[in-house]
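I have placed the structure first, in the form of structure tokens, so that the comments after it can refer back to it.
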């Protein structure tokens, strides 16, 4: 039979899968305008006018990544739209790794207009969502096609991905929606970083610091992938922006591996899993650094190695979750909720990197939203973990206090024992009155009622003493049938009144029980004072016993 936890995890996984497959509403935020097809042709020295006359030479069926790296021509499918002053158009496409780009706008009257990138590449064209947008020159004739020429295209994903023709109004609306999305994620991440870093400073749990590192890396990835970095640093080339994008994503992957492992650190996980987590935590950032350092040499190989390390990151998640489930982790279900969508989306992105899945805008731009959801739910998981740790700490403190209390309390009567009594008594600065109380003929009580009956007599006697001794009076069982009552001399207890109260105790089988009291008052600032005061009260108790018992005697320190 499937457990409730298993059913919950299955529902979570199914919901996350739907979230990955069904295009979410936010994904439309970066998609603006009319989609266009793209056909590719390797550059072999062809002229522009020749390509304009013979668009049939372009390959529209072969997947773009199969062309390898190099220089390419790419042409859109027919457009037939006018770019006017009232409604100017823009050609939008996905940012990819390339050294340079030239765009030719072909009009119905045969005219050609050109835009050519400088040393920064397409960085000046970058919009929110890392979408490049080139304005279409305003002319009365309709725009027929757009021809692209790429210089040294790495072609790790494609040459020309996701081309669209959109009005500037559509583009502005898309930028505004994407800006709101990224701003929301950035603000939330900053707040969670500050909150969890403060918790780490106070509590010192490693998973809190790893979570801060994860959020900081994802925040850097968001800044580099959103396109805002191109606006903040306009001199930065687009390829350098992509390098930073890889680096931040690699750091996020390494931090995710550390966070996954440390989040379940209280569980007895296999040693190999800990080593694998540490290895992946180093391999993912190193592979990202390899892309940044050697991408210009061979991006396809560097990107493949990077994708394989991400496969390793995904591979350690399954045994970690399995181990946590077997160990009955209290945090597994929240971790599964938080990470199900990012893990599945990461798997889809890896499959896209390995060309198992075709490029898709939703897959390419869902990282921020999925990580935003992860950040929110993981914050709940962290809060739940902290609550659990707090409960464990409170339980430990309760056990410690109980142990201390049991160490201070006589288990039979519930009164202070001799050690606890002396700890609290010695050191009082004002004058104190000490009463030593001894049950008369207690040996006979044990012989008459048995030891169980004698214990019951001691419990009833102790309860009566507590009733007659308000705060700050100390009441203790000193041993056997001897009790002590210590009170400030200004609030002294009358021994005769105490005896009268003790005589009214109803004992088992209506047995008559009497007691003798010895009283003495004096200083109690140190242990010597205690010994002196105790000898005085003990001498008074001896006199009460000698006088016939069931009575009280008081002595002064001088007389004693």
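Numbering (our numbering), first residue to last: 168 to 727. Built from N, CA and C at the ideal position, the CB exists for glycine as well.
Between residue i and residue j, what straight-line distance do the alpha-carbon atoms span, to the nearest angstrom?
i: residue 153; j: residue 301; result: Because the chain here runs from 168 to 727, residue 153 falls outside it and cannot be looked at.
i: residue 686; j: residue 646; result: 18 Å
i: residue 289; j: residue 262; result: 8 Å
i: residue 577; j: residue 684; result: 21 Å
i: residue 600; j: residue 690; result: 9 Å
i: residue 619; j: residue 598; result: 39 Å
i: residue 458; j: residue 413; result: 7 Å
i: residue 408; j: residue 389; result: 11 Å
i: residue 565; j: residue 489; result: 33 Å
i: residue 613; j: residue 561; result: 43 Å
i: residue 180; j: residue 551; result: With a pLDDT of only 42 at residue 180, under 50, the local geometry of the prediction cannot be trusted, and the value read off the model is given with reservation. So the two alpha carbons sit approximately 21 Å from each other.
i: residue 345; j: residue 569; result: 57 Å
i: residue 177; j: residue 342; result: For residue 177, the predicted structure reports a pLDDT of 43, less than 50, and the residue's modelled location is therefore unreliable. A value from the coordinates is still provided. Their backbone Cα atoms lie some 37 Å apart in a straight line.
i: residue 420; j: residue 299; result: 27 Å
i: residue 398; j: residue 559; result: 49 Å
i: residue 525; j: residue 209; result: 20 Å
i: residue 228; j: residue 362; result: 51 Å
i: residue 710; j: residue 557; result: 57 Å
i: residue 639; j: residue 708; result: 23 Å
i: residue 318; j: residue 224; result: 19 Å
i: residue 656; j: residue 603; result: 15 Å
i: residue 681; j: residue 607; result: 6 Å
i: residue 366; j: residue 554; result: 12 Å
i: residue 515; j: residue 440; result: 24 Å
i: residue 285; j: residue 406; result: 13 Å
i: residue 392; j: residue 468; result: 22 Å
For residue i, which residues from the same chain have a beta carbon less than 7 Å from its beta carbon, with the 5 sequence-adjacent residues on both sides left out?
i: residue 383; result: 360
i: residue 454; result: 417, 472, 473 and 476
i: residue 693; result: 593
i: residue 575; result: 583, 584 and 587
i: residue 442; result: none
i: residue 422; result: 377, 380, 381 and 384
Please list, in chain order, all residues of the same chain as residue i whose beta carbon is under 6 Å from its beta carbon, the five residues on each side excluded.
i: residue 191; result: Note that residue 191 has pLDDT 36, beneath the 50 cutoff, so the model's placement of it is unreliable and no number is given.
i: residue 269; result: 283 and 316
i: residue 479; result: 447
i: residue 321; result: 236, 264 and 466
i: residue 649; result: 605
i: residue 644; result: 577, 580, 582 and 650
i: residue 428; result: 444
For the alpha helix (DSSP H) holding residue i, just list the boundary residues, first then last.
i: residue 251; result: Here residue 251 belongs to no alpha helix (DSSP H), and DSSP marks it neither H nor E.
i: residue 352; result: 335 to 370
i: residue 662; result: 662 to 670
i: residue 219; result: 215 to 220
i: residue 615; result: 609 to 635
i: residue 395; result: 395 to 399
i: residue 211; result: Premise fails: residue 211 is in no alpha helix (DSSP H) and is neither H nor E.
i: residue 417; result: 405 to 430
i: residue 692; result: Element bounds for residue 692: n/a, residue is neither H nor E.
For residue i, which residues from the same chain have a beta carbon less than 8 Å from its beta carbon, with the 5 sequence-adjacent residues on both sides left out?
i: residue 331; result: 198, 199, 200, 201, 202, 203, 258, 259 and 260
i: residue 591; result: 583 and 641
i: residue 338; result: 199, 200, 257, 259, 294 and 300
i: residue 273; result: 219, 279, 310, 311, 312, 313 and 314
i: residue 714; result: 720
On the DSSP bridge list, what partners appear for residue i?
i: residue 282; result: 270
i: residue 276; result: According to DSSP, which records beta bridges pairwise, residue 276 is partnered with nothing at all.
i: residue 379; result: BP columns for residue 379 are empty, so no partner.
i: residue 687; result: 601 and 722
i: residue 331; result: 202 and 259
i: residue 288; result: 285
i: residue 451; result: Answer by DSSP bridge pairing: none, since residue 451 is not bridged.
i: residue 302; result: 257
i: residue 576; result: 583
i: residue 226; result: 207
i: residue 682; result: 606
Could you spell out where the beta strand (DSSP E) holding residue i opens and where it closes?
i: residue 652; result: 649 to 655
i: residue 316; result: 310 to 320
i: residue 606; result: 595 to 606
i: residue 239; result: 237 to 243
i: residue 293; result: Per DSSP, residue 293 belongs to no beta strand (DSSP E) and is neither H nor E.
i: residue 646; result: 641 to 646
At the 8 Å Cβ level, is residue i part of the contact set with chain D, yes or no?
i: residue 511; result: Chain labels in this structure do not include chain D; a single protein chain is all it has.
Is it the case that the CB of residue i approaches a heavy atom of the ligand SAM more closely than 7 Å?
i: residue 290; result: You won't find the ligand SAM in this model; it holds no ligand whatsoever.
Validate contact between the stretch 311 to 325 and the stretch 234 to 247 using beta carbons, cut 8 Å, 3 pairs: yes
Validate contact between the stretch 226 to 245 and the stretch 319 to 336 using beta carbons, cut 8 Å, 3 pairs: yes
Cβ contact (3+ pairs, closer than 8 Å) linking the stretch 664 to 674 and the stretch 619 to 634: yes
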